[in-house]
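Novice: Have a look at the structure that comes next, please.
Protein chains: 2
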Amino acid sequence: MPSNIRNENEVDVLVIGAGPAGLMAAFALARAGVNVRIVDKRPDKVSAGQADGIQPRTLEVFKSYGLSDRLLREGTQLHVAAFYNPSKDGLGIELTDRVPDVSSTDTNFPFEAPLPSIQLTLHQGAIEAIFLDSMRDMGLEVRRPVLPISIEVQAQADSEERDAYPVRVVLKHADTEETETVHAKYVLGADGAHSWVRKMTGIAMQGEQTEYVWGVVDLVAETDLPDIRNKCAIHSNNGSCMIIPREGDKVRLYIQLDGKEVVDDAGRVDKSRCGPEMILDVARKTLHPFTIESPQTYDWWTIYAIGQRVAERYIVHDRVFIAGDACHTHSPKAGQGMNASMQDSYNLAWKLAHVLKGTAHRNLLQTYELERRHYAQELIAFDKKFAKLFSGKPYSELNLDGVSHAEFLKAFQTFGGFTSGLGVQYPESIIITSNQNQHLAKNVLVGRRLVPCPLLRAADCRPTDLHDLLVSDTRFKLLVFTGDTHEPSQMAQVEAFAQALMTPDSDSKNFFGGFSSLERIRSVLDVVTISSEKKGTIMYNRLPRALWSHWSKVLVDDLDMRGTTGGKVYESLGIDPAGAVIVVRPDAYVAAIAPLNGASEIGTYFANFMKAT
Amino acid sequence: MPSNIRNENEVDVLVIGAGPAGLMAAFALARAGVNVRIVDKRPDKVSAGQADGIQPRTLEVFKSYGLSDRLLREGTQLHVAAFYNPSKDGLGIELTDRVPDVSSTDTNFPFEAPLPSIQLTLHQGAIEAIFLDSMRDMGLEVRRPVLPISIEVQAQADSEERDAYPVRVVLKHADTEETETVHAKYVLGADGAHSWVRKMTGIAMQGEQTEYVWGVVDLVAETDLPDIRNKCAIHSNNGSCMIIPREGDKVRLYIQLDGKEVVDDAGRVDKSRCGPEMILDVARKTLHPFTIESPQTYDWWTIYAIGQRVAERYIVHDRVFIAGDACHTHSPKAGQGMNASMQDSYNLAWKLAHVLKGTAHRNLLQTYELERRHYAQELIAFDKKFAKLFSGKPYSELNLDGVSHAEFLKAFQTFGGFTSGLGVQYPESIIITSNQNQHLAKNVLVGRRLVPCPLLRAADCRPTDLHDLLVSDTRFKLLVFTGDTHEPSQMAQVEAFAQALMTPDSDSKNFFGGFSSLERIRSVLDVVTISSEKKGTIMYNRLPRALWSHWSKVLVDDLDMRGTTGGKVYESLGIDPAGAVIVVRPDAYVAAIAPLNGASEIGTYFANFMKAT
């Protein structure tokens, strides 16, 4: 045992569990400068199999941390969803349709940029490695194998006192049998479907076990199926199958199994009754007349029964949280699991960072449960509908009650916004306004993540999506749509806004007026200024200096120099020509819309949960 | 001195000089599996200043080696060329125009992809670091400081014998004063404008010194010039200036100086007579009414007189080569120097690799001088014209002989294909055919690098540019444009072609029939198959197996699944609906066009310089 582990330690946040949810939390907190520790009971990280789908919204989040290059390089891109159904001769299956794998979330936004709309596959171990390597660069390592022994939330838990360490956790280092006591300000249980933290805090799961049993196998497939490199949903008269291409030449097959054959008397899956060959045999019947050979080795396989459950609470005493599989379990079909888990802790991390830094009140933390439990409930509802359609017998003249391709495709596309993660909607709260100013930005949906906005940097005409500036640095972002700054009267409006909002110690009684310096304001609020002036004439340095901390933060709504991308963002978002200000949260969700003369409105929004410093 | 340096060593290729030309050569040869050594007389690599421009064609070459990500991440992108000219009031300068920095090379190809058309700036040291890191991964290090003492080409130089080491070079390790003798099959002198190899082999430079003296300074500029992040060409009544944005917030200023003030009696630049402040003072007069403050420190600066010269030969005895500044010197204005140098050795490396592996005859090597000296002569001709325009006084009512903006812009755009590197044309030779079959691919220019062709992978509809498959692996690429493979008669043609060309030991008397296996053919010739069938119906695995070594090598000419990019490549290239085969060299230059029944024509092309193995 390393000698630097003492028996009593203090830490701001202790993360228990180093799967995707725990690693995202530890990484995001460390990046935000929070003192964090992470432990896991397993001796090593996942090396193969497990979760594999990366939804477009997750890719966006990785990009906001500068981590998407590696995901894109290592992952397999899915562009096509192919549908196979019984052929007319009734003897097997045939190709019915090939459609885009990710359907547009919202017809208002036909310009969703290519990058975030790609679905990727990459095995869980590779994703964990991205976090582990980035954490190591910041001096943070997962301590393992470490088991939690006890957890206790002490009396001062409700204190607003920032120096309180009210959560006491005893850990056992399994390799040395030594124990240590950790005093934490906050604890996150990201310890999986059988969460110890959840059990110890007495949080119940709500929902039920389903009748569905799934077999999953990873292999390099020798096959004549022409869509083996596409996502395939196959409905045959002999069962259903889903194919997901993986890294290199690997694929994953999902097969629904007959529960009776693999479930024991107690209702649990009995792995001794089955194996990958059994799964492949079922796949062969479904794929006929296409063939698939048995490989030399199987990369990974599993069989499991599906529960559809959500935790009744995500937070205890505002001090202990659970995230990921500890909160929700469901089927694997829509590739949601790992994504939902990472999004849970991504949602929590920036809130914890603000509270720990003293820039926000503790009431901010409650929005974590509100937002993520709401999402999980929608996820289960979706899962129930989709599982039914997927498992149904295909429609035919002999089976008029069956699921037709049109019906299945419609469901696939309807849920596209949800399964891509791009259309997730958070409910109204202290950080999501009721949206009084929709007329100023007609197509901007408050409570959803901001859509991609292809613009140009004014100073050098480099194509820049707004998301390139919505980096995950825990700062709120103020998007100042100035209107046409070539007009002197409009420029005067912009100057007045800058004066009213971005000037500390002003007489305006504005919330930000209470900050001690412009630097302090900028430490919680970055400003991006977007003019509707054209690239040929704009002089970025004529815009008020308080509205851009660097020349790269002034954008114009125009086509790029090649005339091929960018522009029409004012039109697409429905921005009022007189200008508008959009408040975007640190996680890129739209929080509020205000007019250019709405500095006090914006101040009121922040005063609800933020402290002037 | 490390003990593993013996006094007598053998090596396939010895590279003398580790600047951009030498490093590209050593890297490219090592990547091709060639036994190479590289030495340099300087104790360290360049750390600041020097060359900085990366032209689009160079970016393409880096991409073909998988090295472009780092260039794009570290480099600054230039999108705009801004032009400033005397303002109407005559008191200073004003913005005249902003145009794309890279103009399209050829109006036949409006679809040039965004990536390769970006001009980047990145300092020479960073570019050298990319090579050094990649070489280190292959176990190759630059030995320094090492001085060459003597070079001697022995009698067996002209031998076709692959095991001959006819070049004898004595090296001195400057740190230990020890010498060693290297016996090399080939030697490359990439040792700069004052090349020792050039002098020792008695190669003369042809051309002249110019009257132009330039001052160059790198700094972080505090200025109110709104185009400080764009490339600026500034013509004032007080002189000319060029601004090039660099990494971070740095910029480089190029100023033409009065030769009399800085040149000594012998005509050499006297650096003691000037400094960066002097350069900046001249810039201030040119930029008025815009201001520029003196920085705390200057990153780098230099002053130099320009020679416009080309070496009379690039090759001695087909065994010793020179490349880069050793072959050509010219002005820095078009950012050509480092690019031309790397392209020299990129051109040479694949030819040397084939000769050393025994897959090509030694006659291939002569094309190096033919192609790169031809290019250097064009470069000097361009430089003369452009320098005159750049240095000229601006046109005004008082100076009717001056250079007008329209005239300067026209020259800037006319030379765009050349300065971007995308429009370089190699002359006819044993590896560039006279292009008998233009009608089969009307817009494909033999002797030029293949233009970007946005296609889709048939198996998974992933957007893929043909250049993504034109990797620098020393293999020639056969682009088989099959026509519509949905038509059985067309498919029969494609099958016949595969049989005639890609079948070893056939009775066809075809050159590739003489190879001992399909694998041997593929070791020198990769095949990419491009169908005009549509993505919704194509079954990639129905195409002849000999025409794709992997599922990723079958492409379709269609829009991507989002309907935004790709397609119309048959139309843009003017491909005959009956199909066509395009032979592309290992460096992505188009070598020949043939019909689908032209297997023997293709064989004849290769038989000119290649050996069946």
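From first to last, the protein sequence lines are chains A and B.
Reminder that position 506 of the first sequence reads as 506 in my numbering, one-by-one numbering, no gaps.
If you want my numbering, it's the position in the second sequence, counting the first as 1, plus 613.
Every residue, glycine too, gets a C-beta built ideally from N, C-alpha and C.
1. Comparing alpha-carbon positions, which option in B/D657, B/A834, B/A694 lies nearest B/P1246?
2. Identify which residue in B/K654, B/S1009, B/S1042, B/R1070 has its Cα closest to the Cα of B/G1060.
3. What is the rounded straight-line gap between the Cα of B/Q737 and the Cα of B/Q956?
4. Where do the N-terminal and C-terminal ends of the beta strand (DSSP E) with A/G239 fall, by residue?
5. Less than 8 Å separating the beta-carbons of B/V795 and B/L627?
6. Could you have a look at B/K1001 and say whether DSSP puts it in helix, strand or coil?
7. Does B/D878 pass the burial test, meaning 16 or more other C-beta atoms within 10 Å, or should it be called exposed?
8. How long is the line joining the alpha carbons of A/A326 and B/R1075, rounded to whole angstroms?
9. Closer than 8 Å, CB to CB, is A/R545 near chain B or not?
10. Taking DSSP as the reference, what is the three-state secondary structure of A/N85?
11. Could you tell me the distance, in whole angstroms, from the CA atom of B/I993 to the CA atom of B/E925?
12. Tell me, please, which residues DSSP counts as bridged to B/M1223.
13. Taking 8 Å as the cut-off, decide whether the C-beta atoms of B/P889 and B/Y917 are in contact.
14. Candidates B/A641, B/A1204, B/V624: which alpha carbon is nearest B/T980's?
15. A/F230 CB to nearest chain B CB: under 8 Å?
16. Report the option in A/A155, A/K172, A/A174 whose CA atom is closest to the CA atom of A/P166.
17. Quick one: what's got a C-beta closer than 8 Å to B/E1108's C-beta in the same chain, skipping five residues either side?
18. Comparing C-alpha positions only, which one of B/V782, B/A846, B/G872 sits nearest to B/E623?
19. Against B/Q690, what residues of chain A qualify as contacts under a CB-to-CB distance less than 7 Å, listed in chain order?
20. State the CB to CB distance for the pair B/K654 and B/V759, rounded to an integer number of angstroms; the pair is presumed to be in contact (CB under 8 Å).
21. Would you kindly check if the distance between the Cβ of B/L1168 and the Cβ of B/A1054 is under 8 Å?
22. Check A/S150 in the structure and name its three-state DSSP category.
23. If the cut is a Cβ gap below 7 Å, which residues of chain A does B/N1154 touch?
24. On the DSSP letters alone, give me the boundaries of the beta strand (DSSP E) that A/I582 sits inside.
25. In terms of DSSP beta bridges, what is B/G828 paired with?
26. In whole angstroms, give me the CA-to-CA distance for B/V1064 and A/D576.
27. Just the Cα atoms here: how many angstroms apart are A/K250 and A/K385?
28. For B/R1175 and chain A, any beta-carbon pair shorter than 8 Å?
29. Taking the straight line between their C-alpha atoms, what separation do you get for A/L120 and B/T1177?
30. What are the boundary residues of the beta strand (DSSP E) that includes A/K410?
31. Looking at the structure shown, is B/V628 part of a helix, part of a strand, or coil, going by DSSP?
32. In terms of residue numbering, what span does the alpha helix (DSSP H) encompassing A/L122 cover?
33. Return the residue from the list B/Y927, B/P839, B/I857, B/V649 that minimises the CA-CA distance to B/L735.
34. For a minimum of 4 consecutive residues, which ranges assigned as the alpha helix (DSSP H) are wholly contained in the region 482-529 of chain A?
35. Quick check: the Cα distance between A/R373 and A/H330, rounded to an integer number of angstroms?
36. Put A/H183 into one of helix, strand or coil per three-state DSSP.
Specialist: Answer, in terms of the structure:
1. Chain B is shown only over 614 to 1226; residue 1246 of chain B falls outside these bounds and no answer can be derived.
2. The residue labelled residue 1060 of chain B in the question sits at position 447 within the second sequence. Of the candidates B/K654, B/S1009, B/S1042, B/R1070, the one whose C-alpha sits nearest the C-alpha of B/G1060 is B/S1042.
3. Here residue 737 of chain B refers to the residue found at position 124 of the second sequence. Here residue 956 of chain B refers to the residue found at position 343 of the second sequence. Here the C-alpha atom of B/Q737 lies approximately 15 Å from the C-alpha atom of B/Q956.
4. The residue given as residue 239 of chain A occupies position 239 in the first sequence. Unbroken beta strand (DSSP E) run through A/G239: 239-245.
5. Within the second sequence, numbered from 1, the residue matching residue 795 of chain B stands at position 182. Within the second sequence, numbered from 1, the residue matching residue 627 of chain B stands at position 14. Cβ atoms of B/V795 and B/L627: closer than 8 Å.
6. Counting from 1 along the second sequence, the entry for residue 1001 of chain B is found at position 388. Reduced to three states, the DSSP call for B/K1001 is helix.
7. For the purposes of this step, residue 878 of chain B is taken as residue 265 along the second sequence, with counting starting at 1. Exposed is the call here.
8. Numbered from its first residue, the first sequence carries residue 326 of chain A at position 326. Numbered from its first residue, the second sequence carries residue 1075 of chain B at position 462. Each residue's Cα considered, the two are about 36 Å apart.
9. As a first step, residue 545 of chain A must be located in the first sequence, where it is residue number 545. Not one chain B Cβ lies under 8 Å of A/R545.
10. The sequence position of residue 85 of chain A within the first sequence is 85, counting from 1. Correct three-state label for A/N85: strand.
11. Against the second sequence, residue 993 of chain B aligns to sequence position 380. Against the second sequence, residue 925 of chain B aligns to sequence position 312. The straight-line gap from Cα to Cα measures roughly 14 Å.
12. By 1-based counting over the second sequence, the position of residue 1223 of chain B is 610. Partner(s): B/A973.
13. In the second sequence, counting from the first residue as 1, residue 889 of chain B sits at position 276. In the second sequence, counting from the first residue as 1, residue 917 of chain B sits at position 304. No, the Cβ-Cβ distance between B/P889 and B/Y917 is not below 8 Å.
14. Here residue 980 of chain B is taken as the residue at index 367 of the second sequence, counted from 1. Considering only alpha carbons, the answer is B/A1204.
15. Here residue 230 of chain A refers to the residue found at position 230 of the first sequence. Reading the sequence as shown, one finds Asn at residue 230 of chain A and not Phe. A/N230 counts as touching chain B.
16. Locating residue 166 of chain A in the first sequence gives position 166, counting from the first residue. The shortest Cα separation from A/P166 among A/A155, A/K172, A/A174 belongs to A/A155.
17. The count along the second sequence starts at 1 and reaches residue 1108 of chain B at position 495. Taken in chain order, the residues that qualify are P1157.
18. Here residue 623 of chain B refers to the residue found at position 10 when the second sequence is read from its first residue. It is B/V782 whose Cα lies nearest to the Cα of B/E623.
19. Counting from one through the second sequence, the residue named residue 690 of chain B turns up at place 77. In chain order: R462.
20. Stepping through the second sequence from its first residue, residue 654 of chain B is reached at position 41. Stepping through the second sequence from its first residue, residue 759 of chain B is reached at position 146. Contact holds; Cβ gap of about 6 Å.
21. As a first step, residue 1054 of chain B must be located in the second sequence, where it is residue number 441. As a first step, residue 1168 of chain B must be located in the second sequence, where it is residue number 555. In this structure, B/L1168 does not lie closer than 8 Å to B/A1054 by Cβ.
22. The count along the first sequence starts at 1 and reaches residue 150 of chain A at position 150. Looking at A/S150 - three-state DSSP - the assignment turns out to be strand.
23. The count along the second sequence starts at 1 and reaches residue 1154 of chain B at position 541. Result: D224, P226.
24. Here residue 582 of chain A refers to the residue found at position 582 of the first sequence. Looking at the DSSP string, the run of the beta strand (DSSP E) that includes A/I582 is 580-584.
25. Within the second sequence, the letter at position 215 stands for residue 828 of chain B. B/G828 has B/I868, B/I916 as its beta-bridge partners, per DSSP.
26. On the second sequence, residue 1064 of chain B is found 451 positions in, with the first residue counted as 1. On the first sequence, residue 576 of chain A is found 576 positions in, with the first residue counted as 1. Computed Cα separation, rounded: 42 Å.
27. Residue 250 of chain A sits at position 250 when you count from the first residue of the first sequence. Residue 385 of chain A sits at position 385 when you count from the first residue of the first sequence. Approximately 29 Å between the Cα atoms of the pair.
28. As a position in the second sequence, residue 1175 of chain B is number 562, starting the count at 1. Yes, B/R1175 lies at the interface with chain A (some Cβ there is under 8 Å from its Cβ).
29. As a first step, residue 120 of chain A must be located in the first sequence, where it is residue number 120. As a first step, residue 1177 of chain B must be located in the second sequence, where it is residue number 564. Their backbone Cα atoms lie some 19 Å apart in a straight line.
30. Walking along the first sequence from the start, residue 410 of chain A turns up at place 410. Premise fails: A/K410 lies in the alpha helix (DSSP H), 405-414, not in any beta strand (DSSP E).
31. Residue numbering aside, residue 628 of chain B sits at position 15 when the second sequence is read from its first letter. Under the three-state reduction of DSSP output, B/V628 falls in the strand class.
32. Walking along the first sequence from the start, residue 122 of chain A turns up at place 122. Run containing A/L122: none; DSSP gives neither H nor E here.
33. Counting from 1 along the second sequence, the entry for residue 735 of chain B is found at position 122. Out of B/Y927, B/P839, B/I857, B/V649, B/I857 has the C-alpha closest to the C-alpha of B/L735.
34. 488-501, 518-524
35. Position 373 of the first sequence holds residue 373 of chain A. Position 330 of the first sequence holds residue 330 of chain A. So the alpha carbons of these two residues sit roughly 14 Å apart.
36. On the first sequence, position 183 is the one that residue 183 of chain A refers to. A/H183: strand per DSSP, three-state reduction.
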